[in-house]
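A.B. asks: Dropping a structure here in C-alpha cells format, bear with me for questions.
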Amino acid sequence: QVQLVESGGGLVQPGGSLRLSCVASGITFSSYAMSWFRQAPGMERELVAAISNFGRSTKYADSVKGRFTISRDNAKNTVYLRMDSLKPEDTAVYYCNAKRGAASESWGQGTQVTVSS
2 QVQLVESGGG LVQPGGSLRL SCVASGITFS SYAMSWFRQA PGMERELVAA
52 ISNFGRSTKY ADSVKGRFTI SRDNAKNTVY LRMDSLKPED TAVYYCNAKR
102 GAASESWGQG TQVTVSS
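Number 95 in the numbering used here belongs to position 94 of the sequence shown; there are no gaps in the numbering.
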C-alpha cells in the first residue's frame, strides 16, 4: 500500500523559509516522478514543482521560480521542497504526489503552510 507522509509545514513570516519533506513507502521510490502541489482556499490545486525519478530534471511554477527548490534522496525515499523568500500568497495546503506513467498516482494528506506577519 502506497503511503506518502508530508511534514515541515507551519506558520512563517513573509521573507522566511521552510523545508517540506515527503517520505514514501510501499513503492519503488526511484521508479516514480515526484511533485509538490498546493491548494489555497477556494482555489484549484496547482503544480508547484516536479522532479524526475533520478532527479536529473526539475520544473517549477513561474510563481515560485528562484525561490523554491525541489530535491530528492532516493536512498531515504524522500522528496523535499525548500521554500525561501516566502510570500503571503504562498499560503496553502501543500501535497506530495508520486506518479509513474498513467497507471499509478498517489497523494499525501497535505501539510499546511501559512505565511503571515
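Just so you know, even glycine gets a beta-carbon here, dropped at the ideal spot from N, CA and C.
#1: Tell me whether Asp85 sits in a helix, a strand or coil according to DSSP, three-state version.
#2: Leaving out five residues before and five after Ser1 in sequence, what residues of the same chain have Cβ atoms less than 7 Å from its Cβ?
#3: Please check the pair Ser32 and Thr112, which I expect to be a contact at CB under 8 Å, by giving their CB distance rounded to whole angstroms.
#4: What residue from Ala62, Thr92, Ala76 and Val116 has the CA that sits closest to Ser36's CA?
#5: Tell me Val114's beta-bridge partners as DSSP assigns them.
#6: What does a CB cutoff of less than 7 Å around Leu48 pick up in its chain, not counting 5 residues either side in sequence?
#7: Could you give the DSSP three-state label for Ser22: helix, strand or coil?
#8: Answer yes or no: do Val13 and Leu87 have a C-beta to C-beta separation smaller than 8 Å?
#9: Taking the alpha-carbon positions, what's the Cys23 to Phe69 distance?
#10: State the beta-bridge partners of Glu47 as determined by DSSP.
#11: Any idea if Met84 is buried or exposed, counting beta-carbon neighbours within 10 angstroms, 16 or more meaning buried?
C.D. replies: Working from what's here:
#1: On the sequence shown, position 84 is the one that residue 85 refers to. Asp85 falls in the coil class under three-state DSSP.
#2: Past the edges of the chain, shown from 2 to 118, lies residue 1, and the structure says nothing about it.
#3: In the sequence shown, counting from the first residue as 1, residue 32 sits at position 31. In the sequence shown, counting from the first residue as 1, residue 112 sits at position 111. The pair is not a contact, with the Cβ atoms about 24 Å apart (cut-off 8 Å).
#4: What you label residue 36 is simply residue 35 of the sequence shown in a count that begins at 1. For Ser36, the nearest C-alpha among the options comes from Ala62.
#5: Within the sequence shown, numbered from 1, the residue matching residue 114 stands at position 113. Answer by DSSP bridge pairing, in chain order: Gly11 and Ala93.
#6: The sequence position of residue 48 within the sequence shown is 47, counting from 1. Shown here for Leu48: same chain residues with a beta carbon closer than 7 Å to its own, the five before and five after excluded, namely Ser36, Phe38 and Ala62 in chain order.
#7: Within the sequence shown, residue 22 is the residue found at index 21, counting from 1. Ser22 falls in the strand class under three-state DSSP.
#8: Here residue 13 corresponds to residue number 12 of the sequence shown, with the count starting at 1. Here residue 87 corresponds to residue number 86 of the sequence shown, with the count starting at 1. The beta carbons of Val13 and Leu87 sit closer together than 8 Å.
#9: If you number the sequence shown from 1, residue 23 lands on position 22. If you number the sequence shown from 1, residue 69 lands on position 68. Here the alpha carbons of Phe69 and Cys23 stand approximately 15 Å from one another.
#10: Position 46 of the sequence shown, counted from the first residue, corresponds to residue 47. Glu47 pairs with Arg39.
#11: The residue labelled residue 84 in the question sits at position 83 within the sequence shown. Answer is buried; the Cβ neighbour count reaches 16.
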